[in-house]
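Using my numbering, the letters of the sequence shown map in sequence onto residues 190 to 533.
Beneath this line is the structure, given in structure tokens, with notes to follow.
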Amino acid sequence: MFFYGKLVIIKYAEKAYINKFGGSYMATKKMILDLDTGVDDALAIAYALAAPDVDLIGIVSSYGNCLVEQSGENSLKLLELLGATDVPVFLGASHSSTTDHFDVMQVSKDIHGNNGIGEVALPKAKRPIETQSGIDFLIEAAHKYADNLIFVPTGPMTNLDAALAKDPAIADLIGNVTFMGGALTVEGNVTSDAEANINQDPEAADRVMRSHLKITMVGLDVTLRTLLTKAETQVWRNLGTDAGKNYADITDFYIDAYYNLDIDKNGCALHDPLAVGVALDPSFVQTIDLNMKVTYDESNYGRTVGDKDRLNDPTTNVKVAVNVDKQRYLDTFMNYLTQLFKQH
190 MFFYGKLVII KYAEKAYINK FGGSYMATKK MILDLDTGVD DALAIAYALA APDVDLIGIV
250 SSYGNCLVEQ SGENSLKLLE LLGATDVPVF LGASHSSTTD HFDVMQVSKD IHGNNGIGEV
310 ALPKAKRPIE TQSGIDFLIE AAHKYADNLI FVPTGPMTNL DAALAKDPAI ADLIGNVTFM
370 GGALTVEGNV TSDAEANINQ DPEAADRVMR SHLKITMVGL DVTLRTLLTK AETQVWRNLG
430 TDAGKNYADI TDFYIDAYYN LDIDKNGCAL HDPLAVGVAL DPSFVQTIDL NMKVTYDESN
490 YGRTVGDKDR LNDPTTNVKV AVNVDKQRYL DTFMNYLTQL FKQH
């Protein structure tokens with residue numbers, strides 16, 4: 190597995206060297222993350238930066254684990270911690286498509302901390318939030334990069350839904366949307382039907398599912414199988430770097446919350462970074478092809494399920510992950526992040 194780490198070092202060395210002369214290292218594939226930046230979102234940022242085969246070109250902030258403004262600030266702080274001050278952060282929607290405000294749920298504060306990143310106090314980032322809206326940034330990137338653009342939403346679908354409404358053409362432009370959310374073969378984590386991200390804006394999620402986008406769903410079916418423990422975070426802490434220590438502290442808060450809230454006493458789930466991993470290497474998971482929908486009536490609000498009315502359609506647009514090569518993914522995850530944290 191050292192090969193992966195070597196690639197990470199090469200990527201960052203080239204970026205650092207060329208940037209001194211006004212250029213930058215550019216991979217063919219470009220990624221935009223759409224984050225409600227809590228703990229697992231923080232891990233997703235690190236994975237996207239460390240992966241050798243993609244350039245993270247921007248982050249769109251959302252609401253969920255914290256308010257959208259806090260989400261944006263968290264992303265900027267983490268990017269600065271990881272030496273990626275060239276990555277811009279944009280604000281997206283502050284509430285769902287069917288409401289006029291958003292309040293953070295207490296359970297989100299319990300799991301991610303009041304500040305979203307495990308109560309770890311990072312310095313305020315020097316780079317400000319961009320003035321352009323995250324929705325316009327996504328639309329521009331879709332037209333610029335087309336099939337080479339990978340979009341990874343790990344919160345509610347509100348921003349992507351709004352971008353589709355403003356410019357429907359992007360559905361046929363974006364190369365891949367891999368989202369963290371939903372649950373097909375297991376129960377939800379908010380109700381027996383609903384997973385938290387989908388539950389935030391099920392109507393937006395339903396419209397996205399019915400679009401022409403090429404979509405992969407990385408839901409609780411697979412993310413709950415990929416667990417991180419304090420044995421792994423101790424590896425980061427032992428590096429003696431700011432990134433290693435802070436990421437260990439942030440993630441240990443999350444692991445403790447999983448234990449204390451009886452979510453899982455064996456570790457914390459790698460929800461959002463798994464979505465990033467699958468977006469870059471689909472072979473991490475086994476999928477089934479479906480036309481999906483999201484229900485939002487009172488009886489099963491936020492349920493992600495196959496659409497029986499399109500069951501016999503000749504084409505499908507959603508690949509649903511139902512199994513995961515968890516050890517290979519965890520090895521890759523730890524190799525990528527540990528190599529990155531060594532440098533910062």
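All C-beta atoms, glycine included, are put in the ideal place defined by N, C-alpha and C.
Here K508 carries a strand assignment [DSSP, helix/strand/coil]. Secondary structure of F279 (DSSP, three-state): strand. Looking only at T505, E319, A237, L327, the smallest Cα-Cα distance to A351 is reached by L327.
When C-alpha distances from A468 are compared across Y518, N455, N427, D453, the shortest belongs to Y518. DSSP links P342 through a beta bridge to D223. Taking C-beta atoms under 8 angstroms as the contact rule, V243 and M220 qualify, at a distance of about 5 angstroms. In this structure, the alpha-carbon of C255 lies about 9 angstroms from that of I306. Under DSSP, M369 takes part in a beta bridge, and its partners are V407. Counting the other CB atoms within 10 Å of its CB gives L500 a total below 16, which places it among the exposed residues.
Between N455 and L416, the C-beta gap is smaller than 8 angstroms, which places the two residues in contact.
Pairwise C-beta distances place the segment 387 to 397 in contact with the segment 343 to 350, as three or more of them are shorter than 8 angstroms. Scanning its chain for C-beta atoms nearer than 6 angstroms, with the 5 sequence neighbours on each side dropped, one finds around T418 the residues G456, in chain order. Between the segment 420 to 432 and the segment 374 to 383, the count of C-beta pairs closer than 8 angstroms stays below three; the two stretches do not touch.
Nearest C-alpha to G495 among H284, M398, Q532: M398. Taken through DSSP and simplified to helix, strand or coil, K454 comes out as coil. Taking 8 angstroms as the cut-off, the Cβ atoms of A360 and H332 do not count as close. For S250, the uninterrupted beta strand (DSSP E) run begins and ends at 244 to 250, by DSSP.
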